[in-house]
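For reference, the structure discussed in these notes is given below.
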């Protein structure tokens, strides 16, 4: 066992599943805030990989500030137009010139060009109804950061960096039923209706009161695939049925599903779009304003304000600890019998290696008949093991294996 | 008593003051994220007032998306330069043309010009070391929103609007000792050192473990007021002493104060700036990424992800409920004897008047010897009274009386 | 014969070919100013065609203001990088909403999206070494113009619009020997070296003193096709030989060719680029700053300051008269025996049909033995004929058949 | 006498004053193109002075590319509003970091901040009806140029730089009657009506046919100073009378004056503005698209395409030769008896000192009874003297004494 400061304690309060009211939200892939999160993270991956390939280590950067300004559109059954393109400004810091102290070699890293390509690539891959030649302008402003914050992550990936800040990460497991429904509703809708009338901007709100779960879905429909208001209504009904069915896989509680409740069918004021996202008209977006690192917004649980997407995965302690605590929580829940719910909090200590947090704190709700003391050692060992493996979080982020929103 | 759905319950868990570890953060007025919050909210006030004056009611707008791109600077003792200006993009939606259905009168509201003036005014009033003619570029992109979302707040202010979304607000009272120290450290430093060497970008992090409180301050120093590194060190020491002294007004616990711990005095790598904010070099910012509506980031408490600043104060339910729940919590704590801690949560119900939330939920920690049942009626009456007065939140926001970050 | 005010006169002065010193310049397709001209004109064509297709007539627009901000690049033999992308801002006015007074039908014309597509299309088609996903950001700001200036060019194309301004166009024929060499050097190099080491940014300056012609070429080389400085020098020599040979087709005078004279081979400071244009590093550009409507800059001849590219081809009298006068001059020279040189000037008259200029003025240098009076009637008839056919200029511009720079 | 290659010849053709048709135009100070010229030149002066003060010599820069995107306004008698601000993008190249090879000293020159201040200062000083806090957004993009083009103009100002390009400048004297009227109409109107109802966007077109001169003025009126359409009409009449009177100082020919002929009084569609410039609505602008270096557009005279404003006054040969040739022409006309008209052309020679042009060419129209041979020596001496003093052009430009548009 290491010297790490790991605490295992009972939760102070009820398991989320036992609380009377629970609220959960997920902003889908095509929500303006999520578009920004996705671009920021994709740009971050591209830069990290470019640094590794060129210089052999990840240099200083942060690209967690993409701003989206909504366009203007004229959707129409059968296919409308984006009138004024969406404007996306990719903002951040990146090292563009690097002189290696040891070898004297000088490197130019075309950071803005890399960011531009990555942002456009991400849009092309994820939003098939968005025409990159007409519907969106991608602009980039990447300044230089402070020179002192360079060279932090070696090629071998083995070096553990020092914490650059006092920061905090939090993770939970397992997802509650409501959380599972909300999360998977968006994920499954995207998969299932790929290429069809359903856009990518799907916002899911789950509200549980006691044993009654309401799932409210706001889903952008794509005009090209719908001939008229009847087709639109049929599509809404189909989505509603799909979600109602899907929910039964996750709960035995009563579930009500509502789709596009703000529609006014009589006035034909419905949620019809040309590109599948409300970014085409009226909804701006930016990074870190939507889902937390586990893909959800969960006011019933403690959350970090940190924008995880776009941050440097090597030295940004807030990003790493949010992802790592979520990973640890999952491991504890999966591996330890008798745990009903676990929350992991990691608090960094400036100037110390990031695998050695100031405190790592596991709060448990145990199954009936199980005491925290019964599983404490097991839990602590998992926390310890995962902390020791902290750099694998960085690696997985760089490889795009770890979602951040 | 009204028909409102108000619940009063014991907190599930410990009072924050009793928890073992507590973390609190405040990003000061001049932090890049706070600059964006402040501009967004000031623009929002200016627009609301312009609508009231011109049209007699607040029309649809949202200006909660300001993006700041850091500049580039060359600070120097005695006075340095901003080399590349900070770029601030004010983003949002606003109604620019309005035809009154009843009177047929048409109005043009110069929304972008109003926003530009408000943003620059805010900067001029709050950041005296920032030269608006050289150090910052303010750009504006305000699109039109959806036409359906217009005319919502009458001149009389009496009409209660309908909730436009399922949203959630949360407020707490009282501030814990650590919270008080963190909040007031920034507030008092700004007042005390106004016009002197201390910049406006003061980030305060409080960490309490048991009865030991660490206050870590990162404070931008202004080069013009400092002659050399010795003067800088003296200034840091002065700030340290000031904060240490200030903390004693709020706690009897042990307090350690750290100021600008990232400095390297030998290498003269210190936190010296020309404008008093890190926005001049290397730190981007945007709205809703920093302080919550009560001015703090408090991972120990439940928080809303909602960006309160810049939102329309009439119809944006997230903004209103965050501010209102904070106000209710304060009222409950102030007026009801025997309450140690109160958390108010308000959950909206789409299509219902906002003074009638789906649920209003008060969780209490009571003093020893007091039961929740003893004060339940009193608490419920306050919640009911404040909900009935919900439009005063809107009025106070429009009048600039209610801080949002 | 019409009532048109047509004058035919002898030139006051020498034929250009007889003047002692002659200076001629052509900025090639990939020169930053020409890139802007090309985009502006291509956007103009796209908008004109969109209006015709949607509304049945060309509505008000002007897109003659594209601004290019140079990027930053790191060229390298074998292939370098654009570090900071080129930024191109397409500026202008366009009608986005149109309500037909007769039919009451309403149209939305997605002008900005059309402009964005046209600009990117133009870049893709003409600059193969420019990677649109990494090397260039295309931004668009198209405001609305004045509503009164709408509906000017019917579907049938037959209506002759009124002149909206007092303006002036001028054209010349034939090209002098030096002009032919300069013009064709750029044109032939682009064709001949397509896909090879020669970029599109080829600036040709011709200077004739008496019977000595110096042709100075500044030609951007593309790094990807060149392995080293020797290959670069061989390429320069090849271009030099090609141009020297080409010049002999146009003149019997002595010709000296200079290519990339600013190179410093020893310091390896040569004109190497990654994209084939100096826009990648250090050279900004905008519309109307380079070639006149005949593709040349000719200080020996009278020139119009009018930026022809991007202007509305229906109602912008400066654009139409520059193109028409050039066309008339060519017709006169081709069709009338005994004419050595002709200059056509057209001066508009506000409020009159554009086929009826205030004055159309043909200045001639005739062959030895030919008097102006001998050909006057023939020349006037051609001028009259071409004026009557003025709308064909508009049609040809819309169809992209008439180069404007 | 020097070795300079100076030629003095008779003009080939008529004096402009004797030509049958003459066209002259001046775009006033507040025309969108002139606004850009003025900003570009003012920024250029500010940078040149900053380099001199900081480094002791002018470093490489060029700021000749300002782009103006028109705003949107709602003028109204008594005072209207700018609805969407004018957007001005200052574009160019500037040296931001400089390491002196001799002393090893390093300099940071805050070029973008200097440009921002200069641009705003210029607007504030010249356009009193433009509110800098609401009506205009000034943005700046100054890239770095090529490092090789640095350190060219010493503190002493005595060193004569080498020509960096084959370029060409042309100047004329005296102004014809029509030119004098056009030029002074704008200049005197600005002075006379300063602070009153007349805006700064005054476009004057002069057309002379034989002895009939038409002066057409398009003058933006400022709404704040006018109560209604009658006041507007009275203002137009007053301007008309003023110009008619003014014209008599310059000519005995017949003069007709037309002011705001595009107005439609019945429909109240008149040239009313809030800021005094058409940039507030519908008219974009950029550098080098309007007046030549002598303040006029004169198709009857040979003109250079070169954008003079904003260019580096030390090493940009096109700028220097346009200003110098104008100065020489004036000196010849003033000092030499018997000269009716003079045109000076200067052609540079790459790599040679700029006081030693490839050819300096003076074309004269002499008074009756005077032969070119009679004044040749005198003219050549003046040309020689002024060439020797070429650096005074640079000095005067830097000091803001020499208008460029």
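Protein chains in written order, with our numbering: chain L, 6 to 410; chain B, 6 to 410; chain G, 6 to 410; chain R, 6 to 410.
Note that CB positions come from ideal geometry on N, CA and C, so glycine has one too.
Are the Cβ atoms of residue i and residue j separated by less than 9 angstroms?
i: residue 287 of chain B; j: residue 98 of chain L; result: yes
i: residue 95 of chain B; j: residue 120 of chain B; result: yes
i: residue 26 of chain B; j: residue 212 of chain B; result: yes
i: residue 194 of chain B; j: residue 228 of chain B; result: no
i: residue 71 of chain R; j: residue 300 of chain R; result: no
i: residue 341 of chain G; j: residue 12 of chain G; result: no
i: residue 290 of chain L; j: residue 73 of chain L; result: yes
i: residue 349 of chain B; j: residue 175 of chain B; result: yes
i: residue 370 of chain R; j: residue 16 of chain R; result: yes
On a Cα-Cα basis, can you pick out the residue from the options that is closest to residue i?
i: residue 246 of chain R; options: R:256, R:261, R:11 and R:56; result: R:261
i: residue 83 of chain R; options: R:390, R:69, R:235 and R:359; result: R:235
i: residue 114 of chain R; options: B:270, B:79, B:283 and B:192; result: B:79
i: residue 351 of chain R; options: R:171, R:37, R:31 and R:274; result: R:171
i: residue 391 of chain R; options: R:369, R:371 and R:360; result: R:360
i: residue 165 of chain L; options: L:325, L:340, L:370 and L:410; result: L:325
i: residue 373 of chain B; options: B:343, B:295, B:358 and B:364; result: B:343
i: residue 149 of chain R; options: R:103, R:282 and R:48; result: R:103
i: residue 202 of chain G; options: G:134, G:220, G:265 and G:266; result: G:134
i: residue 368 of chain B; options: B:9, B:14 and B:10; result: B:14
i: residue 310 of chain R; options: R:298, R:320 and R:319; result: R:298
i: residue 210 of chain G; options: G:283, G:18 and G:222; result: G:222
i: residue 322 of chain L; options: L:178, L:167, L:188 and L:250; result: L:167
i: residue 248 of chain R; options: R:296, R:274, R:231 and R:196; result: R:196
To which residues of the same chain is residue i closer than 7 angstroms at the C-beta, ignoring the five residues directly before and after it?
i: residue 24 of chain B; result: 305
i: residue 401 of chain B; result: 407
i: residue 138 of chain G; result: none
i: residue 85 of chain G; result: 78, 79, 228 and 279
i: residue 54 of chain G; result: 403
Please classify residue i as buried or exposed, where buried requires at least 16 other C-beta atoms within 10 Å of its C-beta.
i: residue 356 of chain B; result: exposed
i: residue 317 of chain G; result: buried
i: residue 270 of chain B; result: exposed
i: residue 404 of chain B; result: exposed
Here's a check: name, in chain order, each residue in its chain whose Cβ is nearer than 8 angstroms to the Cβ of residue i, leaving out the five neighbours to either side.
i: residue 77 of chain L; result: 87, 88, 89, 285 and 286
i: residue 182 of chain B; result: 22, 213, 218, 255, 256 and 258
What does DSSP give as the partner residue(s) for residue i in the beta ladder?
i: residue 72 of chain L; result: L:94 and L:291
i: residue 455 of chain L; result: Summary: the structure shown does not reach residue 455 of chain L, with chain L confined to residues 6 through 410, and so no result is reported for it.
i: residue 77 of chain G; result: G:89
i: residue 177 of chain L; result: L:348
i: residue 167 of chain B; result: B:358
Looking only at its own chain, which residues have a Cβ that is under 6 angstroms from the Cβ of residue i, when we skip the five neighbours before and after it?
i: residue 145 of chain G; result: 95, 117, 120 and 121
i: residue 385 of chain G; result: 11 and 13
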